[in-house]
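Student: Below: one structure in structure tokens.
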Amino acid sequence: IGSYKMYNNDKKNNNNNDNNNNERVILDNNTQLARRLNILYIDMLKNKKDRVSKIETIKIPKNTKNFIEIKSLSTSNKLAIKEISNVVLFVQKKHQKILDDIKQQREAEIKNIDIKIDNIKIYQKI
């Protein structure tokens, strides 16, 4: 499960990114993700006939927060790998969209700060 680092910078910590106020934000809850993937890749496809490969289980290993375990059955290793790769690609695309949205939000925040700085500079020249 992917994550990104969130810097909590404010006046109290003097914008020091090496402090303990930083936190890792997990992109997806592993329980919800495993449940969603089970529905998409196991439940919805279980009645499909003539399949040579399938995802057997998607579960969460004990005592973990950032991992899911995916098991595939197939007539060949290549087909099993392809099944697992499809699941991983789905998760990657979903997480990439989340990260792109966060990036856009941060860029908008930076743009607003730049506008405020420019306004302050203009005001100080007057």
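So for the sequence shown, the numbering used here puts the first residue at 1; every next one is plus one. Even glycine gets a Cβ: it sits at the ideal position worked out from N, Cα and C.
(1) Do you know offhand how far D71's Cα is from N77's?
(2) Can you give the beta carbon distance from A34 to I68, rounded, assuming they're within the 8 Å contact cut?
(3) Using the rule of at least 16 other Cβ atoms within 10 Å of the residue's Cβ for burial, across every protein chain shown, is I113 buried or exposed?
(4) With K54 as the anchor, note down where its beta strand (DSSP E) starts and where it stops.
(5) Secondary structure at S85, three-state DSSP: helix, strand or coil?
(6) Can you tell which of Q32, I115, K121 and E23 has the C-alpha that lies nearest to the C-alpha of V91?
(7) Assuming L40 is part of the alpha helix (DSSP H), what are its boundary residues?
Tutor: Working from what's here:
(1) Note that residue 71 is Lys in the sequence shown, not Asp. Roughly 12 Å between the two C-alpha positions.
(2) That pair is a contact at about 5 Å.
(3) Under this definition I113 is an exposed residue.
(4) Unbroken beta strand (DSSP E) run through K54: S53 to K59.
(5) Reduced to three states, the DSSP call for S85 is helix.
(6) Ranked by how close their Cα comes to the Cα of V91, the residues Q32, I115, K121 and E23 have Q32 in first place.
(7) No alpha helix (DSSP H) holds L40; DSSP gives it neither H nor E.
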